[in-house]
Structures are given as C-alpha cells and as structure tokens.
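Read in order, the letters of the sequence shown are residues 7 to 212 in the working numbering.
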Amino acid sequence: MSVKPEIALVIVDTQEDFVNGSLGSDAAKAIVTNVVGAIDSVTAKNPNAQVITTQDTHSDETYLETREGKYLPVKHCIINTKGWEIVPEIKGRLKSLKYRTITKEDFGSQEWQEFEPILHCVKTIVLVGLCTDICVVTNALILRTAYPDARIITLSDCCAGTSQEAHEAALLTMKSCQIEVMTLEEFNKGGYENNILLPNNEDKED
Ligand SMILES: [Zn+2]
C-alpha cells in the first residue's frame, strides 16, 4: 500500500531553453544548483514526498500562431527537442526518485485537477523553478486555489524571473496570497518544521 505524501515539491519548467537556450539567462543558470539542493532537502526529510515537474511544451509548427507566440515570438521548449528537456543536473538528480511530469502548453495547467487523488492529503507544497513571474506564480496561484488549507512555500533562491524586478514583484504577489517566500537556507534551517500554520496532528496538542 502506498503512503500518501504529506509534502509535494513542484519543479516548474527547469528546461534547457529557459536556462541555457533561447530564453536562458544568468539568473536561471544560477538557480540550478539550488533546485538540486531543494530536491535533496525535501526528499531527505520526507521520503514519501511527491515530486512533480512541469514542462513547457510547444509545437514547432504552430507556436508562432498561438497567443503566447504572438506576444513572445521566440520559439522555445519545442516538444522532443533539447530545449524542451529538463537540464541534466536536475534530470540526473530526479532519476533515482519517483516523480511525475505535467506537460503544459500554457503558463498554468488544467492537469492539476488530475493530481487531486495524489495531492488531497498534502499539507505542504513547495515550489521552485522558472520563471518566477510567469509559470511559477501562475501554478502557485492555481495550487493556492485548489488547496486552500495547504501551506504553500516558494523558495526564492530556487526561482528566477524574466528580470530581477519581475522576480521580486512576483514573490510579493505570492506573499500577498499567503504563499510563504523563503530561501533554501531558511527552509533547511527549519522554516518547514518550526512554522507550521495548520495543526497537522492531535498529539501535538498537549
Ligand atoms: Zn512557453
């Protein structure tokens, strides 16, 4: 019988094109090691953690005709190309874990609904990835709505935005929506254990 996870780690769009490829940036390159650290941290403390990766996914033929393509006419994350793949450092770390992947054609995903049987017991959801001000914030707010009682944490130094200003603005928006924002170090130091907002078991009462 499988044990229901109490924590989920959502790794948003850590794909080649957002790190090293057509939409890559130094800020994105700088978070890769921290994302690996977040995977290690969450799964070491919680062997049953549910790890979920998302992958931005576009068609070479139709991308430029889509709404996103009209606003952002830079082809990226074309399905089954190198740019679509999760960067090797993160993919390598995921290999030994059980994880699930959501492929999505837009910033957020309708597929979260299909994760309800897995995630309904989850008390904490941790988000990392790219880009803070587009896909991280979109999925964070979808999860905020879908799981109103869950503690949701975004690890600020495991995310990068389209600019530093946009990154910080998105973190502020998430804070306003009662998503906790902390660094990986703060998370490792006990942001997780010492700041439980919701009662999670009876024997803590006395
Ligand atoms: Zn895209």
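C-beta atoms are modelled at their ideal positions from N, C-alpha and C, and glycine is treated no differently. These numbers were taken from a predicted model, which means no experiment stands behind them.
Straight-line spacing of the CA atoms in S47 and G75 works out to 36 Å. Relative to the non-hydrogen atoms of ligand 1, the Cβ of H173 never comes closer than 7 Å to any of them. Taking a 10 Å sphere around the C-beta of L103, we find fewer than 16 other C-beta atoms and assign the residue as exposed.
Per the coordinates, the alpha-carbon of P123 lies some 20 Å from the alpha-carbon of V18.
Listed by position in the chain, the residues whose beta carbon lies within less than 7 Å of some heavy atom of ligand 1 are D62, H64, E74, H82, C83. The beta carbon of D66 is closer than 6 Å to those of I84 in its chain, skipping five residues each way along the sequence. DSSP, read as helix, strand or coil, puts G135 in strand.
For the options N40, Q184, K181, the alpha carbon positioned closest to that of L136 is the one of N40. The criterion of a C-beta distance shorter than 8 Å is satisfied by T63 and E111.
Within the segment 42-119, the complete alpha helix (DSSP H) segments at least 4 residues long are 73-77, 94-100, listed from N- to C-terminus. Per the coordinates, the alpha-carbon of E95 lies some 17 Å from the alpha-carbon of T107. Residue pairing from DSSP places M188 in a beta bridge opposite L161. Counting only residues of its own chain and dropping the five nearest sequence neighbours on each side, A34 has a CB closer than 6 Å to the CB of F24, V25, L136, A166. DSSP places A156 in the coil class of the three-state scheme, outside both helix and strand. Residue pairing by DSSP places Q170 opposite no residue, since no beta bridge is assigned to it.
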